[in-house]
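Take 13 as the starting number for the sequence shown in my numbering and just add one per residue. Just so it is clear, CB atoms sit at the ideal spot from N, CA and C, and this is done for glycine as well. Take a look at the structure below.
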Amino acid sequence: MKWRKLGRIFCASGEYPWMRTHAANPIAESLEGSLVRIYFNCRDDANRAYVAWLLIDLDQPHKILELSRQPAFSPGPRGAFDDRGVSIGCLVTGRNRTLLYYVGWNLGRDTPWRNAIGLAEMLPDANGEPVFERIAPGPILDRDPHDPYNLSYPWVIGEAGAWKMWYGTNLTPTPDDLRDIPHAFKLAESDDGVHWRRYHQSLCLGGDLRGDCAFTRPCVIRDGDLYRMWYCHRGEVYNIGYAESHDGLHWTRKDARVGISPSPDGWDADALSYPSVFDHGSHRYMLYNGPQYGVTGFGLAVLEKS
């Protein structure tokens, strides 16, 4: 694999009170022709995460055709599991529905946050613009005896017979140094995309509590009988990794094949994070962030054909 970078697409700079900073966790929705709507997370002055979107033409990706004037999805009411932010996991379209799987944020007292996984459905407003509404006020996946600490970014594929979700879980209580939190990936399955059965004892990736220990934001595409996963992992800094699996549960890391790395300078120097891979037309693309959790915006790359 070799990805050719097309440059930075967007970085929030105070366009609205709810869009002061950041453009994190980008995901794409393919529209007609070469048009793509990209959803991303921005933050307000209180550091709460909202979902916004913009429209681009992949033939001229640096020209923003439209930017959302209102949030497509906002934090929940005070006391809800997502009252401090709604971070994008993935978008699933099919069966006449478009579903957003996301991470809900709470702030803690003795620990900085608590996360759970929520679900919302797209219900366009009177102008036809995308708006998401929660299917329920609570999470669809939360802490339990086998995931006792925190859950993070889900990626879902709606397969016939069994939906699959790869999600992040913390393996230990929150340490004093937040950089030492070990995240790993687990698998859950569902018949309807709402009610989930977890593979409690099995880790897909992660588990090493030393060095390269923070695995987050998986993105999975199925090519025939092969599952491909791009993800974010951290040693000294975050970078993008790559793995393969034939069953979705047992994965082999092949980070040397990922084909993308930080630039020598500029907005995506030093680190890469939060990859999201999608197919459009005859090309495969990757949206991604640089360092600092999306504060420098997101960029686009295209997979070069061999």
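- In this structure, DSSP gives G88 a state outside helix and strand, which the three-state scheme calls coil.
- For A255, the closest alpha carbon among the candidates L261, G247, M241 is that of M241.
- DSSP, read as helix, strand or coil, puts Q304 in helix.
- Ranked by Cα distance from D95, the options D122, L79, I193, G130 are led by G130.
- If the five residues before and after L135 are omitted, its C-beta is found closer than 7 angstroms to the C-beta atoms of V143, E145, all from its own chain and listed in chain order.
- A direct Cα-Cα distance of roughly 11 angstroms separates P151 from L163.
- Contact between L199 and W178 holds, with the beta-carbon distance rounding to 6 angstroms and staying under 8 angstroms.
- Runs of the beta strand (DSSP E) lying entirely within the stretch 144 to 176 and spanning at least 3 residues, in chain order: 144 to 146, 163 to 169.
- Taking a contact as a CB-CB distance under 8 angstroms, the pair L79 and E27 counts as one, their CB atoms being some 7 angstroms apart.
- A distance below 8 angstroms between beta-carbons, with the five flanking residues on each side excluded, links F85 to the following residues of its chain, in chain order: Y62, V63, V98, L112, Y114, A132, V143, F144.
- Cβ-Cβ distances below 7 angstroms link A35 to F22, C23, A24, F52, C54, G306, G309, F310 in the same chain, with the five nearest sequence neighbours on each side left out; the list follows chain order.
- Nearest neighbour of I147 by Cα position, chosen from S285, V206, R229, P83, turns out to be V206.
- Shown here, R109 sits in a strand according to DSSP, grouped into three states.
- Under the 10 Å beta carbon count, S214 is surrounded by fewer than 16 other beta carbons and is classified as exposed.
- A distance below 7 angstroms between beta-carbons, with the five flanking residues on each side excluded, links D282 to the following residues of its chain, in chain order: V249, P274, P303.
- V289 and E141 have their alpha carbons spaced roughly 24 angstroms apart.
- By the neighbour-count criterion, in which a residue is buried when 16 or more other Cβ atoms sit within 10 angstroms of its Cβ, S257 is buried.
- DSSP links K17 through a beta bridge to A313.
- Ranking D57, R32, K75 by CA distance to the CA of I50 puts K75 first.
- Scanning its chain for C-beta atoms nearer than 6 angstroms, with the 5 sequence neighbours on each side dropped, one finds around R126 the residues N118, G120, in chain order.
- At a Cβ-Cβ threshold of 9 angstroms, L70 and V104 do not count as neighbours.
- Just so you know, the alpha carbons of K17 and P149 end up roughly 39 angstroms apart.
- Taking 8 angstroms as the upper bound for CB-CB distance, P194 and C225 are in contact here, some 4 angstroms apart.
- Around C216, the same chain offers W178, F197, K198, L199, L261, W263 as residues with beta carbons nearer than 7 angstroms, after the five sequence neighbours per side are excluded.
- Restricting attention to V232, R20, W15, the CA atom closest to the CA of D280 is found in R20.
- If you look at M134, you'll find it in the beta strand (DSSP E) that goes 125 to 134.
- Taking the C-beta atoms as reference points, G106 is found no nearer than 9 angstroms to G88.
- Non-local C-beta neighbours of R210 in its own chain, meaning closer than 6 angstroms and more than five positions away in sequence, comprise A200, ordered along the chain.
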